[in-house]
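There are 2 protein chains.
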Amino acid sequence: MDAFNDTEGHAPSRMRITISDRAAGLRTRGHVYAALRDAIVTAEFEPGQRLSETDLAERLGVSRTPVREALVRLRDDRLVEIVPQLGTYVTRISHAAVGDAQFVRESLECAAVRLAAQKASAEDIEALHAILQRQVEAHQANDVARFYVFDDELHRSLCDLSAHGIAWSLSQRASGHLNRIRRLSMTLPAYIDEMIDEHHTVVGAVARKKASEAEKALRKHLQMVLSFLPDIQRSHPQYFES
Amino acid sequence: MDAFNDTEGHAPSRMRITISDRAAGLRTRGHVYAALRDAIVTAEFEPGQRLSETDLAERLGVSRTPVREALVRLRDDRLVEIVPQLGTYVTRISHAAVGDAQFVRESLECAAVRLAAQKASAEDIEALHAILQRQVEAHQANDVARFYVFDDELHRSLCDLSAHGIAWSLSQRASGHLNRIRRLSMTLPAYIDEMIDEHHTVVGAVARKKASEAEKALRKHLQMVLSFLPDIQRSHPQYFES
DNA sequence: TCGCGAATACTTGTATGCAAGCATGTTCGG
DNA sequence: CCGAACATGCTTGCATACAAGTATTCGCGA
Numbered sequence: 014m015d016a017f018n019d020t021e022g023h024a025p026s027r028m029r030i031t032i033s034d035r036a037a038g039l040r041t042r043g044h045v046y047a048a049l050r051d052a053i054v055t056a057e058f059e060p061g062q063r064l065s066e067t068d069l070a071e072r073l074g075v076s077r078t079p080v081r082e083a084l085v086r087l088r089d090d091r092l093v094e095i096v097p098q099l100g101t102y103v104t105r106i107s108h109a110a111v112g113d114a115q116f117v118r119e120s121l122e123c124a125a126v127r128l129a130a131q132k133a134s135a136e137d138i139e140a141l142h143a144i145l146q147r148q149v150e151a152h153q154a155n156d157v158a159r160f161y162v163f164d165d166e167l168h169r170s171l172c173d174l175s176a177h178g179i180a181w182s183l184s185q186r187a188s189g190h191l192n193r194i195r196r197l198s199m200t201l202p203a204y205i206d207e208m209i210d211e212h213h214t215v216v217g218a219v220a221r222k223k224a225s226e227a228e229k230a231l232r233k234h235l236q237m238v239l240s241f242l243p244d245i246q247r248s249h250p251q252y253f254e255s
Numbered sequence: 014m015d016a017f018n019d020t021e022g023h024a025p026s027r028m029r030i031t032i033s034d035r036a037a038g039l040r041t042r043g044h045v046y047a048a049l050r051d052a053i054v055t056a057e058f059e060p061g062q063r064l065s066e067t068d069l070a071e072r073l074g075v076s077r078t079p080v081r082e083a084l085v086r087l088r089d090d091r092l093v094e095i096v097p098q099l100g101t102y103v104t105r106i107s108h109a110a111v112g113d114a115q116f117v118r119e120s121l122e123c124a125a126v127r128l129a130a131q132k133a134s135a136e137d138i139e140a141l142h143a144i145l146q147r148q149v150e151a152h153q154a155n156d157v158a159r160f161y162v163f164d165d166e167l168h169r170s171l172c173d174l175s176a177h178g179i180a181w182s183l184s185q186r187a188s189g190h191l192n193r194i195r196r197l198s199m200t201l202p203a204y205i206d207e208m209i210d211e212h213h214t215v216v217g218a219v220a221r222k223k224a225s226e227a228e229k230a231l232r233k234h235l236q237m238v239l240s241f242l243p244d245i246q247r248s249h250p251q252y253f254e255s
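Have a look at this one:
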């Protein structure tokens, strides 16, 4: 469960880890993985960019060993490609990888929301509405970053309610390519109102314990991310492969 | 995609890697991960057993570095628990982990089989039937190991037909606890006839392009593994936690 | 004989050194 | 002037050494 918890740092998205951080907490490995993943997902490390273990180790103030372990995990996430004796590269966004991530996310989260609709208690529904409310406030404050924080929190809560929190862990772990698109599209907040509507639809269906309705609404909602793809590919063609 | 390909060695399940293997292929890392995972899933390394990086490195004829990387991946698989400055332990089988694995497998494979039913060509169906045939022959020859090899092959083929081979990769990656139960139950071949029947039902539904039927049949089939759980827990109570 | 303390032998986490291989730049030859 | 071969500097893969911490065990004292 906490296999992925390390990675979703809501941290201020800074990649340079201060010496004090290292001295204080000794969980350097988790920090390195989180920092690198965040840097890749936010496109601070651009798709296609070449990474150097030595360089990363220096910039992070650690040795190559924890950097290597983090890169191996990121390879499992399909976010980097390690070519022996040649180099490590940030993967370019591919339609196949995006499609796979979308498939995994739909499969797991839709299955989870069905269970959530069956199991959710009144307090659970209350908590979901609270998250929705805070997300609306973030939108009104024009705070896009916070908006997406609560977006994640809502989806995670839905998975947790299914009693299979692993759905969210695996979904996030597999959604590296999708999240890159999502982050890149943060400058295109055209559909935000629509997203909020869809969130209300999903939570409403869960509250009324309509599993199939909730699944259908969530699936439609998840597929909206894909609508960003053409725009992103147009504005950042060098980030995509072939 | 090949992130997990390393691990599913149909290899003769031997854990000691010969020197020649090491000198010849330089993919020691994949070998180490595959060997350790196989040893855990086959209960050669028993649940609860303490592992030592140094010991494993000696037995495998490599250094601690590739062993460590393999153990980190196995930690993501929830097959080992690494306690800093204390030791690395093979996780005991827990109902929660089994339930999570079952949830993931059902979600991904059932979603995949729906797509498979829609996309499968005549040749694809033919290939599926061929696998079924060979599995029946393995059963008639009383070769339980081969039976399970073709079982995996069938499930993998169904996922591949969905054009999302990642479904099988992630499913297997997440099914460590389930596979341990399956391996332990290889001495209880009571339901094998039933399994074959269910396989035919699934493939038949796919052939007739009945997505919902295929999904329903596959779900029922997947849930049968859980019926092994009480027996296994009775015969190996020390493998389970709490 | 029992109890407590200190030393020891382990563990993992990290850092560093060495080996093998590829790419590029430079230099020498035609 | 152009081309090819060689040397250099980079990369990752692996091995090893050091550091920090814990459990156990052995020895000593009451």
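Heads up: the sequence lines are chains E and R, in that order. Heads up: the first sequence begins at 14 in the working numbering, then just goes up one per residue. Heads up: the second sequence begins at 14 in the working numbering, then just goes up one per residue. Beta carbons: idealized from backbone N, C-alpha and C, even for Gly.
- With contacts defined as CB atoms closer than 9 Å, Leu-167/R and Leu-183/R fail to qualify as a contacting pair.
- Per the DSSP secondary-structure output, Arg-72/E pairs with nothing in a beta bridge.
- Segment contact: the stretch 91-104 of chain R against the stretch 57-73 of chain R, three or more CB-CB distances shorter than 8 Å; contact assigned.
- For Tyr-102/R, no alpha helix (DSSP H) encloses it; the enclosing beta strand (DSSP E) starts and ends at 100-103.
- With respect to chain R, the C-beta atom of Ala-133/E has no partner C-beta closer than 9 Å.
- Secondary structure note for Ile-209/E: it is in no beta strand (DSSP E), and the uninterrupted alpha helix (DSSP H) holding it is 205-220.
- When the five nearest sequence neighbours on each side are left out, the beta carbons in the same chain lying within less than 6 Å of the beta carbon of Pro-60/E are those of Val-103, Arg-105, Ile-106, Tyr-252, in order along the chain.
- Taking 9 Å as the CB threshold, Asp-210/E stays off the interface with chain R.
- Taking C-alpha positions only, Lys-223/R is separated from Ala-83/E by approximately 43 Å.
- Of all residues in the stretch 216-250 of chain E, none comes within less than 8 Å of chain R when Cβ atoms are compared.
- Rounded to the nearest angstrom, the gap between the Cα atoms of Asp-164/E and Gln-148/E is 7 Å.
- Within 8 Å of the CB of Ser-170/E, no CB atom of chain R is found; the nearest one sits about 17 Å away.
- Nearest CB-CB separation between Phe-253/R and chain E: not below the 9 Å threshold.
- The beta carbons of Ala-187/R and Arg-118/R sit about 7 Å from each other, so the pair counts as a contact at 8 Å.
- Between Ile-194/R and Leu-141/R, the C-beta spacing is not below 9 Å.
- Under DSSP, Leu-64/R forms a beta bridge with Thr-101/R.
- Neighbours of Ile-179/R in chain E, taken as residues whose beta carbon is under 8 Å from its own, are Asp-113, Phe-116, Val-117, Ala-187 in chain order.
- At a cut-off of 9 Å between beta-carbon atoms, Ser-65/R makes no contact with chain E.
- Distance from the CA atom of Ala-56/E to the CA atom of Leu-197/E, rounded to whole angstroms, is 8 Å.
- Take Ile-138/E, set aside five residues on each side of it, and the residues of its chain with a beta-carbon closer than 8 Å to its own are Val-216, Val-219, Ala-220, in chain order.
- A Cβ of chain E is located within less than 9 Å of the beta carbon of Asp-89/R.
- By the neighbour-count criterion, in which 16 or more other beta carbons inside 10 Å mark a residue as buried, Asp-113/R falls on the buried side.
- Taking all protein chains in view, the Cβ of Ser-120/R is crowded by 16 or more other Cβ atoms within 10 Å, so the residue is classified as buried.
- For Val-45/E, the CB contacts under 7 Å within the same chain, skipping 5 residues up- and downstream, are Leu-73, Val-75, Pro-79, Val-80, Ala-83 in chain order.
- For Ser-120/R, the C-beta contacts it makes with chain E under 7 Å involve Ser-120, Leu-121, Ala-124, in order along the chain.
- Ser-170/R sits away from Lys-132/R, with the two beta carbons spaced by 9 Å or more.
- Burial check for Arg-247/E: the Cβ neighbour count within 10 Å stays below 16, so the residue is exposed.
- Annotation: Ile-106/E is outside any beta strand (DSSP E) and is labelled neither H nor E by DSSP.
- Annotated three-state conformation of Phe-241/R is helix, per DSSP.
- Between Gln-236/R and the set Val-111/R, Arg-77/R, Leu-49/R, Ala-180/R, the nearest pair of CA atoms involves Val-111/R.
- Those residues of the stretch 76-108 of chain E placed with their C-beta closer than 9 Å to a C-beta in chain R are Thr-78, Arg-81, Glu-82, Val-85, Arg-86, Arg-88, Asp-89, Asp-90, Arg-91, Pro-97, ordered along the chain.
- For Glu-136/R, the enclosing alpha helix (DSSP H) has its first and last residue at 135-153.
- DSSP places Glu-94/R in the uninterrupted beta strand (DSSP E) bounded by 93-96.
- With fewer than 16 other Cβ atoms inside 10 Å of its own Cβ, Asn-155/R counts as exposed.
- Within 8 Å of the CB of Leu-183/R, the CB atoms of chain E belong to Val-117, Leu-183, Ala-187, in sequence order along the chain.
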